[in-house]
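In the numbering used here, the protein residues as written are 7 to 703. Note that the Cβ used here is the ideal one computed from N, Cα and C, for glycine as well. Quick caveat: nothing in here was measured; it's all calculated off a predicted structure.
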Amino acid sequence: MTVTESSEHDGEKDENNSETSSEDEKNILTSYIQEVEDRFITKQELRNTNQNAPNTRPNESYFSKLDSSLKKNTAFVKKIKNFTATQVEAYLKDMTGLNLSKYISEIAAAIVDAKLKMTDVAAAVKMCSILHQTYADFSQHLFENWQKALSFKVGEKIPNPSKLRVDLRFYAELVQASLFNNKHAFTLLGNVITTLVNMDKDEHYNCSIILSFCKHCGEDYAGLIPRKMRELSEKYEMPIPKSTLLLPEKQQNVRALLRDYYISLSKHLVKDHQEIQNFEKQNMRILQTKGELSQERKDKLESLQSAYDKLLTSTQSFAEILDEDMPTLKAQTYMKNDESMIVTGAGPDLDEAALANIENVWCDIETQRFYCELPELQAFLPTSFINKQSPPPAESVTEEVLDSELPTEELEDDEQIDEAPAAPEDEAEDSATTNASNKIVLEAFLNNLPNCVNREMIDNAAIDFLVTLNNKHNRKKLVRALFGVNRTRLDLLPFYARFVAILRPALPEVGNELSQMLRQDFKYHVRKKDQINIESKIKVVRFIGELVKFKLYSKIEALYCLKVLLYDFSHHHIEMACNLLEVCGRFLYCSPDSHQRTRVYLEQMMRKKAVMALDSRYVTQIENAYYYVNPPDVTITKKERPIMHQFIRKLLFQDLQKNNTDKIMRLIRKLEWGSEEVSAYAIKCLSSAHNVKYFNI
């Protein structure tokens, strides 16, 4: 197919789509017009019948033949109190056999008091019309009951808004059906609508009542046409029939009243929109300073959002029915300025793209592989021994605890604690697990563990333990051996953490027990507040940091450790905090779920450094830890060189090796030596021996 044929084909397709959409719109408009016409005809026929009722009512002899017994009539009144549209035919059938002359006032009261649904209104109007056409005094009794039900004053709280919503439509339908002969029927309806509008221009509690009236009775009393239908009517020049119930001047008055209400509703929407935006801004500031919102603020935001959504939906419905424009709602803009954020370091803020970038977490590919790529245990163990989804690390600290004030018992020196908590003693060992050969093999394995100083060796050790040494007694001994790593062998901590991470799918209890022991040891050192055993303290926090990076230790708990250390930020606590940040600070800072809190704690640490008179050694440690976690944004300006200069540098400084000397020499000879610029730069590069590797000189 040629390009011309293709474009013609696309053009035909667009024309067909346009024709189809036009036909659909015409069909929608035609069906709407037909529906409106049928509705107006039905209402007009009912109105004519009710207006002619005095001439068609039966005489006294008709009622004398009907049943006037108290039992059946009172039973009928009780049925009417529980009126439903599905039973209307049964009610009408009962009416044909009963003389209700003495019970008309009770029936009128029962109809007004009945808790109708919107779907019951049409059936209720039909039954009231038949009662009006049969009993002369029914309409007067009904109107008197409506006067009582619809009488309320400005400022008076509406006791049952949902009932009033249905009652207002019901009464409006009765009025337009000409059920009431007196002139006060229209006046009562007008007073109710005016009162509802005027008493509610601030809070708009009556919004659903007025909106319901507009939807169901707006075309009769205010000449309302939905915007979509009005636009289609103008587009295809097909007029929509209008109601003749009220004169156009009176319809205009009702429409003006409803428009005033819509204007006040629009102002309320804009005000609430601004309020919710301001509240969100406040929440952003709190997040940036505290790291977390209180539950009270979360609940308030949810409440504000829910109320705003309801108001927005109501305003949109009003705008469509009244054919008005929606108010302009300004979009929220988050400016990164001095007012909305705290800046104490030169490090860049982490945006979503940065958080998604794995290079922000790990320094290089090798480090990423060390922490993220673990051996597949399926190759060594039956599948039934392996948990497909490793359980998350156990958390003894929740977000609420992390964001609340630290309890004093967490920080007080416990005088009863004289030594660090030891690992639990073994239970009684059975003969199967304590024979001499098992002990010798396990001792040899544990003695060799400190020699596993690369990834391959520690992986092999983990697999070896799973395959040959995996029993309850050995697992406990292993946990104690890992926990008891020499305080000077900090280089082993990443490998021991990887060892536990490899075991985790098959033996999650090893990681859980080790984490629990480290947690207790950390609390012990914090509570003692002594100035000895600094190497043991650093070992504990660095071990915790390594477990965090393997997701064996909860991020929330690691942040809690940092918070505890920052609370009493002095002496050994400074070194512990800095070591914890050096090991897992970058990981916490680059993780979306812990970034905000880590950032807040970093800012808090820098503020403490600024206001405290610290030793220069501590100041250096704090700055090193901070800028390691949140490095300053350094922009390296690359020198722009001509293409020929870049080519010469590539040949001499990158490509030149002993095995391609002849090839490079031929390319150098082919340079444009007649050009003074090229020859001068080539000689400069040839004489720059410091840019060439030693063995290429």
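In the three-state DSSP reduction, residue 73 falls in the strand class (E or B). Across the structure, residue 650 and residue 684 are spaced so that their CA atoms are roughly 8 Å apart. Straight across, the Cα-Cα distance linking residue 172 with residue 153 is about 16 Å. Of the residues 289, 231, 369, the one whose Cα lies closest to the Cα of residue 596 is 369. Bounds of the alpha helix (DSSP H) holding residue 313 are 301–328.
CA-to-CA, the gap between residue 582 and residue 571 works out to about 7 Å. In this structure, the CA atom of residue 689 is about 22 Å from the CA atom of residue 665. Assigned with DSSP and collapsed to three states, residue 253 falls in coil, not helix or strand. Proximity of the segment 127–138 to the segment 77–95 meets the contact definition, three or more beta-carbon pairs being nearer than 8 Å.
Pairing residue 573 with residue 628, the inter-Cα distance amounts to about 15 Å. The C-beta of residue 245 has fewer than 16 other C-beta atoms within 10 Å across all chains shown, which makes the residue exposed. In the structure shown, the three-state DSSP call for residue 520 is helix. If you check the CB distance, residue 493 and residue 544 come in under 9 Å. Spatial neighbours of residue 110 in its own chain (CB-CB distance under 7 Å, excluding positions within 5 residues in sequence) are listed in chain order as 141, 143, 144, 147. Our two residues, residue 490 and residue 542, have alpha carbons roughly 10 Å apart in a direct line.
In the three-state reduction of the DSSP assignment, residue 104 falls in the strand class. Looking at the backbone, the Cα of residue 527 and that of residue 546 are separated by about 7 Å.
Within the segment 617–668, the complete alpha helix (DSSP H) segments of 4 residues or longer fall at 622–635, 649–655, listed in chain order.
Here residue 247 is not near residue 329, since their CB atoms are 9 Å or more apart. Under the three-state reduction of DSSP, residue 248 is assigned to coil, being neither helix nor strand.
Scanning 586, 217, 69 for the CA closest to the CA of residue 267 turns up 217.
By alpha-carbon distance to residue 57, the top candidate from 99, 138, 521 is 138. Residue nearest to residue 648 within the set 486, 687, 484 is 687 (criterion: CA-CA distance). Per the Cβ contact rule, the segment 269–286 is in contact with the segment 310–322 (3 or more Cβ pairs under 8 Å). Assigned with DSSP and collapsed to three states, residue 291 falls in helix.
Between residue 321 and residue 249, the C-beta spacing is not below 9 Å.
Residue 120 places its beta carbon 9 Å or farther from that of residue 84. The C-alpha of residue 212 lies about 13 Å from the C-alpha of residue 324.
Pairwise C-beta distances place the segment 547–562 in contact with the segment 515–526, as three or more of them are shorter than 8 Å. In this structure, residue 274 lies away from residue 335, with their beta-carbon atoms at least 9 Å apart.
CA-CA distance, residue 53 to residue 169, rounds to 25 Å. With a contact defined as Cβ atoms closer than 8 Å, residue 175 and residue 223 qualify at about 6 Å.
Look at residue 537 here: in three-state DSSP terms it is coil, with no helix or strand label. Residues 452, 455 of the same chain have their beta carbon placed closer than 7 Å to that of residue 487, with the five preceding and five following residues left out of the count.
Within 10 angstroms of the beta-carbon of residue 585 lie 16 or more other beta-carbons, which makes it buried.
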